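So the structure is just underneath, and the comments pick up after that.
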Amino acid sequence: MATQQWRRRHAVATLIAACAAAAVVAVAAAAPDVPTRNSTASASAGGAPARPGGNDDGKAYHHVWPPMGFGWRVVVGSLIGFFGAACGSVGGVGGGGIFVPMLALIVGFDPKSSTAISKCMIMGGSVSTVYYNLKRKHPSLDMPLIDYDLALLMQPMLMLGVSIGVIFNVIFPDWLITALLITIFLVTSTKAYLKGFETWKKETVKKRLEDAKGQEPPSGGHGGTEHETSIPVEADAAPPPPSSKARNPTDNEATSSVLKNIYWKELGLLAFVWIAFLGLQLTRTNYAASCSVWYWVLNSLQVPVAVGVTVYEACGLRTGRRALSSNKGGSQQQQSALRIRQLLVYCLFGVLAGLVGGLLGMGGGFIMGPLFLELGIPPQVSSATATFTMMFSSSMSVVEYYLLHRFPVPYAAYFTGVAFVAAITGQHCVRKLIAWLGRASLIIFILASMIFVSALTLGGVGISNIVHRVERHQYMGFESLCKV
């Protein structure tokens, strides 16, 4: 009993430390002496494309790239970036809500460059997290931790929604984007916290039942019981089928092969969507003026690409040829085919998540993570799948920013390396903590905390910029897409 209480206190202390570090970010965001020259609407949007008309002097946008050097700004920024990438990789949200204010307000980059380098950090963290998760199995089934079918169903619609959301971001005024960002993030973080408390209570009941069984005459020794209780299993999930034995996650890493855990066909289709969207967006950016005929043609071509791949996956799920491994039904043999209404709901949520992400300038993980949890997906699978889908969207943004020369390569490479190492470190530490405490709900609490902190930092920066524009009597209404 004393050991359990000590473990609970240790977990609470970890969460308090995370909140304290988040407070450091919030205080840094409010610091008045940090260079904020050329601040535009992109800061309030959390990383959306800045508007050329957002500058105070009305002239062309000027990048602010501080000289490369390990001063106190870079050191503090690295520590905050390490914390953001570690927690973001665990929660499946990337950490852009911490990276963008840190790069702009502490290191000293302009908002556009901060957004670009933030995408590099998200890509670095997601790549390392995906590689780490490729060696892992489902917490209770003999399947990969990443749900490839779920990713293939929602990722094309997510990217389509992002393209639509970016257009709205250009049109909507700063005050509306900031208000939507704060409202949506506070609502999603609150729902995630409630889901975390609910899962925590169910895990407590499950642990008490297991402890009661452990007090009965043991059939396989005390060590066997202890081994079983250390497995984090989603409380809402149905008991695993007889053919899928519950196992210790550490054993999975020793026996599972990365190549065997990859579904090559699904990965190939996701790569096709990535290449198609990247080609269309680069062509539109370089060869089509806003609101021209080719501009709308290239934008419209994204629809058949996304819908075609999604319909292909949906047909497989509808006929039962394919199945969502993260669904509550257990193994693919036990799962029934999804109904058309269920498939439409999944696709609609994917579009909405992308639209909100593109509108607010954030990655889809801030929306997909809480959404997956609401759909009853285990926290481990939710985090891994959200990070997997985010790897494609973030890497596409990095390629675009690189070709447009939006960030200094040395700085981007350094912070990408920081995020890469931090993501693996965060995954390893939290995974050990979950295996020790037997509570996968810690992932949900980290996810909710990251969203809440992002609401504070990005909302604070956005409000500050709005006040600045009001004081200078600048235009605060809707913009015209054709003038950008």
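Going from the sequence shown to this note's numbering is simple: count from 1 and add 170.
All C-beta atoms in this analysis are idealised placements derived from N, C-alpha and C, irrespective of residue type, glycine included.
Since the structure is predicted, the reported quantities are computational estimates derived from the model, not experimental observations.
Buried/exposed call for residue i, threshold 16 Cβ in 10 Å
i: Phe648; result: exposed
i: Gly630; result: buried
i: Glu641; result: exposed
i: Leu439; result: buried
i: Lys365; result: buried
i: Leu315; result: buried
i: Lys282; result: buried
i: Lys229; result: Confidence is the limiting factor: at Lys229 the pLDDT is only 46, short of 50, which leaves the residue's position unreliable and the question unanswerable from this model.
i: Met646; result: exposed
i: Leu530; result: buried
i: Thr420; result: Because Thr420 carries a pLDDT of 38, less than 50, the predicted location of this residue cannot be relied on, and the following value inherits that uncertainty. The residue is exposed, with fewer than 16 neighbouring Cβ atoms inside 10 Å.
i: Cys461; result: exposed
i: Ala441; result: exposed
i: His598; result: exposed
i: Trp242; result: exposed
Residue i - containing alpha helix (DSSP H), residue span
i: Met272; result: No alpha helix (DSSP H) holds Met272; DSSP gives it neither H nor E.
i: Leu522; result: Ile510 to Leu530
i: Gln644; result: Segment: none, Gln644 is in no alpha helix (DSSP H) and carries neither H nor E.
i: His232; result: His232 -> no alpha helix (DSSP H), and no H or E assigned at all.
i: His598; result: Val579 to Leu607
i: Tyr318; result: Tyr318 to Ile341
i: Cys257; result: Trp242 to Gly261
i: Asn469; result: Val463 to Ser470
i: Met560; result: Pro549 to Leu573
i: Gly265; result: Careful: Gly265 lies outside any alpha helix (DSSP H) and carries neither H nor E.
i: Arg491; result: Where Arg491 is concerned, there is no enclosing alpha helix (DSSP H), given that its DSSP letter is neither H nor E.
i: Phe447; result: Trp434 to Tyr457
Residue i and residue j closer than 8 Å at C-beta
i: Leu323; j: Ala458; result: no
i: Ser248; j: Thr557; result: no
i: Leu468; j: Arg454; result: yes
i: Asp344; j: Arg639; result: yes
i: Ile614; j: Thr369; result: yes
i: Ala618; j: Ser427; result: no
i: Gly295; j: Gly261; result: no
i: Val340; j: Phe279; result: no
i: Val623; j: Gly267; result: yes
i: Asp317; j: Thr555; result: yes
i: Met238; j: Tyr581; result: yes
i: Pro309; j: Pro578; result: no
i: Leu573; j: Leu452; result: yes
i: Arg329; j: Gly524; result: First, the residue type needs correcting, since residue 329 is Met and not Arg in the sequence shown. Yes, the pair counts as a contact, with Cβ atoms nearer than the cut-off.
i: Val443; j: Gln550; result: no
Which listed residue (the options) has its alpha carbon closest to that of residue i
i: Ser611; options: Ala441, Ala362, Ala286 and Val245; result: Ala362
i: Leu522; options: Ile537, Gly486 and Val467; result: Ile537
i: Val532; options: Val263, Pro237 and His233; result: The question names Val, but residue 532 is Met in the sequence shown. Closest by alpha carbon: Val263.
i: Val477; options: Ser359, Phe252, Cys257 and Met327; result: Met327
i: Met620; options: Ile250, Leu518 and Arg454; result: Ile250
i: Lys430; options: Thr358, Leu304, Asn339 and Gly520; result: Leu304
i: Ile337; options: Cys517, Tyr465 and Leu514; result: Tyr465
i: Val375; options: Leu651, Ser650 and Arg609; result: Arg609
i: Leu607; options: Val277, Glu373 and Ala583; result: Glu373
i: Leu351; options: Pro237, Met293 and Gly632; result: Gly632
i: Val481; options: Gly535, Leu320 and Tyr572; result: Leu320
i: Ser634; options: Ile604, Tyr584 and Thr348; result: Thr348
i: Phe355; options: Gly539, Lys435, Leu452 and Lys307; result: Gly539
i: Phe562; options: Thr299, Lys371 and Val357; result: Thr299
i: Leu346; options: Ile445, Ile636 and Gln644; result: Ile636
i: Glu436; options: Val479, Leu603, Leu448 and Ala446; result: Val479
i: Arg492; options: Ser284, Tyr433, Gly528 and Lys307; result: Tyr433
i: Lys596; options: Ala583, Ser553, Thr559 and Gln512; result: Correcting the residue identity first, residue 596 is Gly in this sequence and not Lys. The residue with the shortest Cα to Cα distance from Gly596 is Ser553.
i: Ile276; options: Val297, Tyr301 and Val246; result: Val246
Residue i: CB within 7 Å of a non-hydrogen atom of the ligand SAM
i: Val623; result: The model depicted lacks the ligand SAM and carries no ligand whatsoever.
Chain D contact for residue i (CB, 8 Å cutoff)
i: Leu351; result: The structure shown contains no chain D; it holds only a single protein chain.
Original post:
Pairing CB atoms from the region 286-295 with CB atoms from the region 538-551, are three or more of them under 8 Å?
Top reply: no
**OP:** Please determine if the region 466-474 and the region 328-347 are in contact, where contact requires at least 3 C-beta pairs separated by less than 8 Å.
**Re:** Yes, they touch.
**OP:** For the region 259-278 and the region 616-627, state whether three or more C-beta atom pairs, one from each stretch, are separated by less than 8 Å.
**Re:** yes
Original post:
Contact between the region 559-568 and the region 376-386: three or more CB pairs below 8 Å?
Top reply: no
Subject >> Sufficient close CB pairs (3 or more, under 8 Å) joining the region 584-599 to the region 240-259 >> reply: yes
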